[in-house]
Amino acid sequence: MTADKLQPVIAVDFGGTKTIVAAVLPDSKIVSRRFYLTRAEEGAREVIKRLVSAVSDSIVQVKSKGMAPAGIGIGVAGVLDITRGTVTTSPNLPGWRNVPIKEIVAARSGLNTFLINDASAAALGEYCFGAGQGRSNMLYITVSTGIGGGIIINGELYSGASGCAGEWGHMTLEPNGPQCHCGNFGCLEALAAGWAITREAVTRMEKGESSSIAELVDGRADSITAEVVANAARKGDRLACEIVAKAANYLGIGLANLVNIFNPELIVIGGGLSKMGNMLLKPAKQVIKERAFRLPARTVRIVRARLGSNAGIIGVAAYVFNYRPGRGVRA
């Protein structure tokens, strides 16, 4: 392996719930990987302090292996100004407004630093090394704490005029629906994301509906998560099955909109909720058949992501190696 191949990117997948910091080589091999809880409720200052510390630790680890970092890439959940390197706002990072995260990390590390939306990064990872290999027109949607996405058009990552493209989670499906963390009402995220499923379960149980969910969390409502609801649904719990089916229906409506707008070859579904498998995806696919135009609905394939929780960091690294400004946009 040449010296160039031994220059990994310090890749950060920075979400509202968890953060992954890893060193990734150009061939997608992960040299080191660290996971920790974001603890976003503590505010931007404390969160960035932990992030900078984790990045510094990764740099030290890489250098101890005789390698020199090629740069730092940060994938962040939120609406980003890529040109300025700022997080303008993030529904899942409370209080974040125009945070110059790129400048802060670059100053502390002394390395060239690049910023990209986390879901766009995951899309790039799946396109280059995962389920999207060999496809020219692909959409990626992550269904997790929030809902986001990324766009590959004619083999290129499309980020939009400001780097904000792909915010599927904030398309309005129900104008008078529940309020989303972004402040809008009836967003796809507020109807089908992990926190929406949790909210629905808590609300309905507080109204007196019975469910085995209560047993799974020992009666503690604050312990209910989308994963708990999914586990109850797998065991046939009526309430849990209804909640998952409702989320799947809204997800299908959102996907049908994307099929009609983009006419993609492939839609890759990632994120923690994709682990529900056919329980979530089968009814969503049926909604696409019912609501999207027949030709694009027949053309598109809907598949689960292959890279799992590594999609983001691998995509961030690919962005720094091949897609960053001045290097073109093709892999």
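Start counting the sequence shown at 547; every next residue gets the next number (the numbering used here). Positions of the beta carbon are idealized from the N, C-alpha and C atoms, including for glycine.
Mapping DSSP to helix, strand and coil, what is residue i?
i: Ala663; result: This sequence places Asn at residue 663; Ala is not what is there. Asn663 falls in the strand class under three-state DSSP.
i: Ile859; result: helix
i: Glu702; result: strand
i: Arg654; result: helix
i: Arg852; result: coil
i: Met613; result: coil
i: Arg847; result: strand
i: Asp573; result: coil
i: Thr670; result: First, the amino acid is wrong: residue 670 is Leu here, not Thr. Leu670 falls in the helix class under three-state DSSP.
i: Met751; result: helix
i: Gln509; result: Given a span of 547 to 877 for the chain in the structure shown, any question on residue 509 remains unanswerable.
i: Arg580; result: strand
i: Ile594; result: helix
i: Asp768; result: helix
i: Gly709; result: coil
i: Val763; result: coil
Can you name, in chain order, every residue of its own chain whose Cβ lies under 8 Å from the Cβ of residue i, other than the five neighbours on each side?
i: Arg585; result: Glu592, Val593, Arg596
Using C-beta distances below 6 Å, list every residue in its chain close to residue i, excluding the 5 sequence neighbours before and after it, in chain order.
i: Ala616; result: Gln553, Val555
i: Val625; result: Thr634, Thr635, Cys710
i: Ile848; result: Ile813, Lys831
i: Met822; result: Ala776
i: Arg873; result: Caution applies to Arg873, whose pLDDT of 46 falls short of 50 and renders its modelled position unreliable; the model cannot decide the point.
i: Ser682; result: Asn700, Gly701
Can you tell me where the alpha helix (DSSP H) with residue i in it begins and where it stops?
i: Met825; result: 824 to 837
i: Phe808; result: 784 to 808
i: Leu812; result: Note, Leu812: premise wrong, no alpha helix (DSSP H); beta strand (DSSP E) at 812 to 816.
How far does the beta strand (DSSP E) with residue i in it extend, from its first residue to its last?
i: Lys564; result: 564 to 570
i: Leu685; result: 684 to 689
i: Ala677; result: Note, Ala677: premise wrong, no beta strand (DSSP E); not H, not E.
i: Ala557; result: 555 to 560
Got a sec? Which residues, its chain only, sit under 7 Å from residue i by beta carbon, not counting five neighbours each side?
i: Asn806; result: Ala838, Phe839, Pro842
i: Gly692; result: Gly562, Ala623, Pro637, Asn638, Gly715, Glu735, Ala739
i: Ser666; result: Gly696, Leu703, Ser705, Gly712
i: Thr718; result: Asn730, Gly732, Cys733
i: Ala557; result: Ala568, Val570, Gly619, Ile859, Val862, Ala863
i: Met547; result: Below a pLDDT of 50, predicted positions are generally treated as unreliable, and Met547, at 38, falls in that range; the measurement from the model is reported next regardless. There are no such residues.
Hey, out of the options, whose CA is closest to residue i's CA?
i: Lys564; options: Ile770, Asp573, Phe581; result: Phe581
i: Val901; options: Arg766, Thr629, Val577; result: The displayed coordinates of the chain run from 547 to 877. Any statement about residue 901 would go beyond what the structure contains.
i: Ala742; options: Ile662, Ile789, Gly656; result: Ile789
i: Ala793; options: Phe808, Arg745, Gly782, Glu811; result: Arg745
i: Ala779; options: Ser769, Asp768, Ala791; result: Ala791
i: Gly798; options: Arg784, Gly817, Ile834; result: Ile834
Determine, using beta-carbon pairs with one atom in the region 757 to 769 and one in the region 700 to 710, whether at least three such pairs fall under 8 Å. In short, these stretches do not touch, since the Cβ pair count stays below three.
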